[in-house]
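The structure appears right after this line, and notes come after that.
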Amino acid sequence: MSPELYIAAAGVAVAVVVIILLFKAVWRVAEPNEALIISGLGARRRGDGVDSLGFKIITGKGTAVLPGFQAARRLRLDTRAANLQVSCVTQQGIPVHIRGVVIYKVGDDLSSIANAARRFLDQQDFMTSAIHELFTGHLRSIIGNLTIEDLILNRERLTSETRASAADEMSKLGLIVDSLQIQEIDDETGYIDNLGKPHAAKVAATARIAQAQRDQEATEAEQIAAANMAAARRDSRIKEAAYQAEIDQAMATARQAGPLSEATARQEVVVQETKAAELEAQLAEQRLQSQVRKPADAKAYETVTLSQAERDARIAQAQAEAKETELRAAAQASQVKLAAAADAESVRLRGEAAGAATKIAGEAEAQAAQARGLAQAEAAKALGLAEAEASQAKGLAEAQAIRARAQALKDNQEAVIAQQLAERWPEVVEAGAKAFGNVDHMVVLNGAQGVEELLAKALTLGGAGMGLARALLNGGAPNGVTPNGVTPNGSEPEISGKAP
Numbered sequence: 000m001s002p003e004l005y006i007a008a009a010g011v012a013v014a015v016v017v018i019i020l021l022f023k024a025v026w027r028v029a030e031p032n033e034a035l036i037i038s039g040l041g042a043r044r045r046g047d048g049v050d051s052l053g054f055k056i057i058t059g060k061g062t063a064v065l066p067g068f069q070a071a072r073r074l075r076l077d078t079r080a081a082n083l084q085v086s087c088v089t090q091q092g093i094p095v096h097i098r099g100v101v102i103y104k105v106g107d108d109l110s111s112i113a114n115a116a117r118r119f120l121d122q123q124d125f126m127t128s129a130i131h132e133l134f135t136g137h138l139r140s141i142i143g144n145l146t147i148e149d150l151i152l153n154r155e156r157l158t159s160e161t162r163a164s165a166a167d168e169m170s171k172l173g174l175i176v177d178s179l180q181i182q183e184i185d186d187e188t189g190y191i192d193n194l195g196k197p198h199a200a201k202v203a204a205t206a207r208i209a210q211a212q213r214d215q216e217a218t219e220a221e222q223i224a225a226a227n228m229a230a231a232r233r234d235s236r237i238k239e240a241a242y243q244a245e246i247d248q249a250m251a252t253a254r255q256a257g258p259l260s261e262a263t264a265r266q267e268v269v270v271q272e273t274k275a276a277e278l279e280a281q282l283a284e285q286r287l288q289s290q291v292r293k294p295a296d297a298k299a300y301e302t303v304t305l306s307q308a309e310r311d312a313r314i315a316q317a318q319a320e321a322k323e324t325e326l327r328a329a330a331q332a333s334q335v336k337l338a339a340a341a342d343a344e345s346v347r348l349r350g351e352a353a354g355a356a357t358k359i360a361g362e363a364e365a366q367a368a369q370a371r372g373l374a375q376a377e378a379a380k381a382l383g384l385a386e387a388e389a390s391q392a393k394g395l396a397e398a399q400a401i402r403a404r405a406q407a408l409k410d411n412q413e414a415v416i417a418q419q420l421a422e423r424w425p426e427v428v429e430a431g432a433k434a435f436g437n438v439d440h441m442v443v444l445n446g447a448q449g450v451e452e453l454l455a456k457a458l459t460l461g462g463a464g465m466g467l468a469r470a471l472l473n474g475g476a477p478n479g480v481t482p483n484g485v486t487p488n489g490s491e492p493e494i495s496g497k498a499p
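Residues 0 to 499 (numbering that gives the first Met the number 0) are what the sequence shown spells out, left to right.
Below is the structure:
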């Protein structure tokens, strides 16, 4: 590049830079929230309803300002807030303290901007104090014509009257009110508190009444719910009791099935034992008939010695069988009595245990006890029949034995007496020996022979007894029974249920 072109380019660049710097120094742009107030040479503006302002107002755009010839200053158009604290007296003479806030700004029209610029351009911070003093005065004058009730019930009236009374002054200042709010009204005398107490008491009473009604409704609902719950529990318990009663009845039936079956089986045993006793009695009677009477009659014509021996043997056998029958019948009767006593004790214990059960269980136990009573009655009846039949069989056996003994006594008195003495011989010897029981010292002169003679004399008491028995038999039996086994009037002697 030639030097000439280089110099020309540099000169152009310097000229551009100078132009830019000059433009920046001259050109001013107004922000959206501010207005440019330009005063100086050529800044007079005409038209727009504003005559000879003596300065130019620029909003929302830019303009050139000649340094040294013109001055450009900015007026803020954004919102401002002024807190109000006013102490005043109402129409009723009651001092109150008002706290509020005023939201204001510079008007958007050129007249408002011009008025605000003339008054606050260099003292924009003074706007808030001016607004405070302005609205304080208007509030005092307005509140002085109002009552406490008006302040409380109609705050909108207070704010509207305040704004209306301050509108002329605000227009002259170039300001507009966006919002005026009365935040709080204080009363040092307590008038406001007393004014609200009747309403508060009424509201409290209404609240208490409503609360009482709600409590009553809740209590009624709770009582209804509790009653429903109680009814549900009652129905549930009734059903449970019914189910438990069925279970207890089934268990009682199951528990009584065993004793009832045992009682039935025991009753059958008693019946069978009774039948066995009857058969044994019949067998004993047949045995007596076949083994005592008929053989005795058949062999009565045999020799006296054989007849006596066979008769004695048969009498002894009949007595042994009768004794055996008696013992067997007594044992069976004792067994039946013990079983009946055990059943009675079991029934008593079951009855005592059933008494502590519930009503339904008691009814089931009562029914079972009734069934047991019937079974026991049947068992007792069977037991009585068994005992009666056993006693009858025993009496028949004893009667047969007595008849056999009487017949034997009739046929052979000597054999019977000898048998009785033989059976009682130890007692006879013991009675004879008692004669020597009181002798402290006894002297026997002829030795062993003397002792034998002494004993023979003692034993002759048995012979004397035999003679006495024989004499009684020949002369008359005791209790009016003759030796042939009949009473003097010809009837047979009465046979008791016990052997002589």
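Backbone N, C-alpha and C fix where the C-beta goes; we use that ideal spot for every residue, glycine too.
DSSP has residue i in a bridge; who is on the other side?
i: Tyr103; result: Arg79 and Val176
i: Asp185; result: His96
i: Glu132; result: BP columns for Glu132 are empty, so no partner.
i: Glu33; result: Arg75
i: Arg27; result: Thr62
i: Gln69; result: Gly39
Could you name the residues of the same chain whose beta carbon sits closer than 8 Å to that of residue i, not counting the 5 residues immediately before and after it, in chain order?
i: Lys104; result: Leu76, Asp77, Thr78, Arg79, Leu174, Ile175 and Asp177
i: Ala9; result: none
i: Val16; result: none
i: Leu194; result: Ile147, Glu148 and Ile151
i: Thr188; result: Ile93 and Pro94
i: Pro66; result: Ala24 and Val25
i: Met169; result: Tyr103, Leu133, Ile175 and Val176
CB-CB under 7 Å to residue i, same chain, minus the five flanking residues each way: which ones, in chain order?
i: Asn32; result: Arg75, Leu76 and Asp77
i: Thr127; result: Arg79 and Ala81
i: Glu320; result: Ala283 and Arg286
i: Val64; result: Val25, Arg27, Ile37 and Ala71
i: Gln391; result: none
Quick check on DSSP: helix, strand or coil for residue i?
i: Ser86; result: strand
i: Lys55; result: strand
i: Val269; result: helix
i: Val64; result: coil
i: Asn114; result: helix
i: Gly257; result: helix
i: Asn193; result: helix
i: Ser170; result: helix
i: Gln123; result: coil
i: Thr146; result: coil
i: Asp108; result: coil
i: Ser159; result: helix
i: Asn153; result: coil
i: Gln243; result: helix
i: Gln91; result: coil
i: Ser140; result: helix
i: Ser289; result: helix
i: Ser164; result: helix
i: Gln1; result: Inspection of the sequence shows that residue 1 is occupied by Ser rather than by Gln. In the structure shown, Ser1 sits in coil (DSSP, three-state: anything other than H, G, I, E or B).
When you measure from the CB of residue i to every non-hydrogen atom of the ligand GTP, does any distance come out below 7 Å?
i: Gln210; result: Looking at this structure, you won't find the ligand GTP or any other ligand, since it has none at all.
Quick one: what's got a C-beta closer than 6 Å to residue i's C-beta in the same chain, skipping five residues either side?
i: Val28; result: Gly61
i: Asn106; result: First, the residue type needs correcting, since residue 106 is Gly and not Asn in the sequence shown. These residues qualify, in order along the chain: Gly173 and Ile175.
i: Ala129; result: none
i: Pro477; result: The predicted position of Pro477 is uncertain, since its pLDDT is 44 and thus under 50; no value can be drawn from it.
Check your understanding: On the three-pair Cβ rule with 8 Å, is the segment 53-73 touching the segment 87-100?
Key -> No contact exists between the segment 53-73 and the segment 87-100.
Review point. Touching or not, the segment 138-146 and the segment 216-230, by the rule of three or more beta carbon pairs under 8 Å?
Key: Contact fails: fewer than three Cβ-Cβ distances are below 8 Å.
Review point. Taking contact to mean at least 3 C-beta pairs separated by less than 8 Å, is the segment 154-170 in contact with the segment 178-193?
Key: Verdict: yes, contact present.
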